[in-house]
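>
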Amino acid sequence: MKIFGKKWLSMSVAALAAVCAISLISGLVACGDEGTPSQPSAYDITAPAESEVYTVDGLPESAVTGEQVSFKVTLSEPEDSALHSVVVEPTFDASFVVEPSADGTYAFTMPDGPVKIIVDAEKYETVLSDGGVGFDVDNATQLVVGATNGGYFNDDNDYVEAWEYNINLAWFQTAALSPRSEATSSNQSVIPDSAIHIEGGDKGSSAYFNDAQVYIDTSKISAGSTWLKIYLQSDNTSSNNGTVCVKITVVDSVELETMPESVVIDFAGYAEEGDDILVRFYDGDYIENSTIDGQPAPRYIQVAGKVGADGKATFSFDYVAGHAYSINIYKGTSWYEGTITNGSEAAKNTLVLGGDVVGNGSSVTGFDQYVGGELSFVNPSSSLELTVAGTYQEISWG
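In terms of my numbering, the sequence shown opens at residue 34 and continues consecutively.
#1: What residue range does the alpha helix (DSSP H) around W196 cover?
#2: Would the beta-carbon of Y303 fall within 8 Å of that of I373?
#3: Three or more C-beta pairs closer than 8 Å, one from the region 190-208 and one from the region 294-310: is that the case here?
#4: If you run the structure through DSSP and keep just helix, strand and coil, what is S114?
#5: Could you give the first and the last residue of the continuous alpha helix (DSSP H) run that contains Y157?
#6: What residue range does the alpha helix (DSSP H) around Y428 cover?
#7: For the putative contact between V353 and D401, defined by C-beta atoms under 8 Å, what is the C-beta separation to the nearest angstrom?
#8: On the criterion of 16 or more Cβ atoms from any shown chain inside 10 Å, does E158 qualify as buried, or is it exposed?
#9: Pick helix, strand or coil for L419, following the three-state DSSP scheme.
#10: Whether or not the region 108-118 and the region 141-156 are in contact is what I'm after, with contact meaning three or more pairs of Cβ atoms, one per stretch, closer than 8 Å; do they touch?
#11: So, is F141 buried or exposed, given that buried needs 16 or more other C-beta atoms within 10 angstroms?
#12: Could you pull out every residue in the same chain whose Cβ sits closer than 7 Å to the Cβ of S214, ignoring the five residues on either side in sequence?
#13: Given N269, which residues of its chain have a CB within under 8 Å of its CB, disregarding the five upstream and five downstream residues?
#14: Which residues in the same chain have their Cβ closer than 7 Å to the Cβ of G257, if we skip the five residues on either side of it in sequence?
#15: Based on the DSSP output, what are the partners of Q402 in its beta bridges?
#16: Once DSSP output is grouped into helix, strand and coil, what is the label at E378?
#17: Measuring straight from C-alpha to C-alpha, what distance separates Y319 and H356?
#18: For a test of the three-state rule: what should DSSP assign to T79, helix, strand or coil?
#19: For T291 and S395, what's the separation of their Cα atoms in angstroms?
#20: If you measure between the beta carbons of E196 and T181, is that distance less than 8 Å?
#21: Thinking V452 and V106 are a contact (beta carbons under 8 Å), I'd like their distance in whole angstroms, please.
#22: For the beta strand (DSSP E) that W260 lies in, which residues bound it at each end?
#23: Could you check how far apart the C-beta atoms of V340 and V385 are, in whole angstroms? I think they sit under 8 Å.
#24: Using the Cα positions of I78 and E112, report the straight-line distance between them to the nearest angstrom.
#25: Here's the rule I'm using: 16 or more other beta-carbon atoms within 10 Å means buried, otherwise exposed. How should G387 be labelled?
#26: Assign K345 to one of three DSSP states: helix, strand, or coil.
#27: In the DSSP assignment, what residue or residues form a beta bridge with K339?
#28: Suppose you measure from the CA of D188 to the CA of I229; what does that come to, to the nearest Å?
#29: Provide the residue span of the beta strand (DSSP E) that contains G183, from first to last.
#30: List the whole-angstrom C-beta distance separating E407 from Y358, where the pair is believed to meet the contact cut-off of C-beta under 8 Å.
#31: Quick one: is A140 near chain C, going by C-beta distance under 8 Å?
#32: Using the rule of at least 16 other Cβ atoms within 10 Å of the residue's Cβ for burial, across every protein chain shown, is E85 buried or exposed?
#33: By Cβ distance, which residues of its chain are closer than 7 Å to V160, with the 5 residues on each side in sequence left out?
#34: Of the residues G392, S429, T124 and D351, which one's Cα is nearest the Cα of G376?
#35: Going by C-alpha to C-alpha distance, which of P212, L92 and L176 sits closest to Y139?
#36: With which residues is K280 paired in a DSSP beta bridge?
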């Protein structure tokens with residue numbers, strides 16, 4: 034019995050030793066130990082190439098699967114550039130976009146494999162002409178919240194009052210814009226892309242465009258600065274395309290500069306000495322939320338006067354620099370109400386000015402003038418003499 038026990042013990046020890054050897058070779062368990070779990074693998078993180086537009090901080094060179102990775106992307110010149118997207122591109126899986134947190138930190142969970150970080154950022158500079166596309170020099174680069182100078186019909190056929198930018202097109206035979214045409218804003222908090230609308234211009238008697246319009250719905254914009262990037266392409270030939278870019282400043286209100294100006298009106302017998310005259314100067318470039326000396330700017334200015342012995346009267350007003358005005362004249366002490374109809378007192382007492390008048394100025398500065406029914410001045414304290422051509426009744430109905 035003792036011999037049998039020793040033999041059994043020897044066999045048991047040998048078997049245990051074999052198990053330990055197999056366990057050590059396989060790396061599953063250490064002999065005489067409870068075992069430790071395998072550690073996740075660490076994988077490389079490829080950072081974006083160096084750029085003058087942005088810097089990347091805090092991004093590690095590697096991370097283990099499941100680890101939270103965070104880093105920051107900072108624009109070198111935030112006023113003149115934009116960060117469009119940050120993408121994580123795994124080696125063996127689909128890429129995905131990461132969004133910044135409130136403090137601007139980007140974070141993602143490390144996948145089971147190496148990744149590359151891709152940053153899409155852009156620096157802007159002024160381009161007023163490119164490939165036959167031109168940003169009209171008369172376009173304003175300062176917008177006021179709520180200000181409008183035009184509008185368009187949206188997809189629901191509703192009229193949207195907006196600020197209109199004219200874009201010149203020096204293209205040959207373009208009857209339509211390509212759907213690829215687009216206008217984008219670098220700062221969505223100032224001018225969101227949803228506030229921008231593009232249309233081909235008025236063809237007139239031609240079948241082809243010579244301009245296009247970009248509209249900004251100013252009810253959707255906020256104070257700040259942004260770059261407006263406009264890409265236009267012809268739908269008739271892809272070789273006709275170009276991109277213009279301009280910095281736009283949006284303000285809540287704007288203080289207007291004025292100059293004292295006057296208009297002398299020769300009534301040419303349509304009003305006699307001593308007659309009371311009212312003249313309204315309507316601001317054709319009126320800007321919503323604009324002020325003059327801290328007070329809301331008026332849409333029109335009404336000036337009263339009397340006809341002198343020479344059959345003339347002078348009307349002075351504060352002219353907003355750079356604006357164009359239309360002129361309405363009424364013979365009486367109070368302005369008429371309602372609409373002008375054939376045979377009405379309003380039709381008989383409303384006086385209409387004659388043809389164009391050009392005053393002082395130069396081809397460089399422009400001229401003091403009344404042309405095409407629009408009054409504009411370039412020189413302070415100037416005067417233009419205009420002549421009445423008849424009453425509204427005579428001119429409209431005879």
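Note that beta-carbon positions come from the ideal geometry of N, C-alpha and C, so glycine has one too. Note that this is a predicted model, so its numbers are computed, not measured.
In short, the structure shows the following:
#1: Residue range Y192 to L202 is occupied by the beta strand (DSSP E) that includes W196, with no alpha helix (DSSP H) assigned at that position.
#2: At the C-beta level, Y303 and I373 stay beyond 8 Å of one another.
#3: Judged by Cβ distances under 8 Å, the region 190-208 makes no contact with the region 294-310, as fewer than three pairs qualify.
#4: Per DSSP, reduced to three states, the secondary structure at S114 is strand.
#5: Y157 -> no alpha helix (DSSP H), and no H or E assigned at all.
#6: Looking at the sequence itself, residue 428 is Ile, so the reference to Tyr does not match. Start and end: Y425 to W430.
#7: Rounded to whole angstroms, the Cβ separation of V353 and D401 is 14 Å, and the two are not in contact under 8 Å.
#8: Counting Cβ neighbours within 10 Å, E158 comes out exposed, since fewer than 16 surround it.
#9: Strand, per DSSP.
#10: A contact exists between the region 141-156 and the region 108-118.
#11: Buried, since its Cβ has 16 or more Cβ neighbours within 10 Å.
#12: Closer than 7 Å at Cβ, skipping near neighbours: I231, Y264, L265 and Q266.
#13: For N269, where only same-chain residues beyond five positions count, the Cβ hits under 8 Å are Q206, T207, A208 and A209.
#14: N220, S222, V223 and V283.
#15: Note: Q402 sits in a beta bridge opposite V391 and S409.
#16: The answer is helix: DSSP assigns E378 an H, G or I state.
#17: If you take the alpha carbons of Y319 and H356, they lie about 8 Å apart.
#18: Here T79 sits in strand by DSSP.
#19: Between T291 and S395, the C-alpha separation is close to 20 Å.
#20: Here the sequence assigns Trp to residue 196, which means Glu is not the residue at that position. Yes, they are a contact pair.
#21: Missing from the structure shown is residue 452; the chain here goes from 34 to 431 and no further.
#22: Counting along the chain, the beta strand (DSSP E) containing W260 begins and ends at G257 to Q266.
#23: Going by Cβ atoms, the distance from V340 to V385 rounds to 16 Å, so no, they are not a contact pair.
#24: When rounded, the distance between both Cα atoms is 30 Å.
#25: Counting the other CB atoms within 10 Å of its CB gives G387 a total below 16, which places it among the exposed residues.
#26: K345 falls in the strand class under three-state DSSP.
#27: Bridge partners of K339 according to DSSP: D309.
#28: I229 has its alpha-carbon roughly 13 Å from the corresponding atom of D188.
#29: Where G183 is concerned, the enclosing beta strand (DSSP E) stretches over G183 to F186.
#30: At roughly 7 Å, the Cβ-Cβ gap stays under 8 Å, so E407 and Y358 are in contact.
#31: Among the chains in the structure shown there is no chain C, since it carries only a single protein chain.
#32: Around the beta carbon of E85, a 10 Å sphere encloses fewer than 16 other beta carbons of the protein chains shown; the residue is thus reported as exposed.
#33: Only T276, V277 and C278 meet the Cβ criterion.
#34: Comparing alpha-carbon positions, the option among G392, S429, T124 and D351 lying closest to G376 turns out to be S429.
#35: With distances taken between Cα atoms, Y139 lies closest to L92.
#36: Paired residues: W260.
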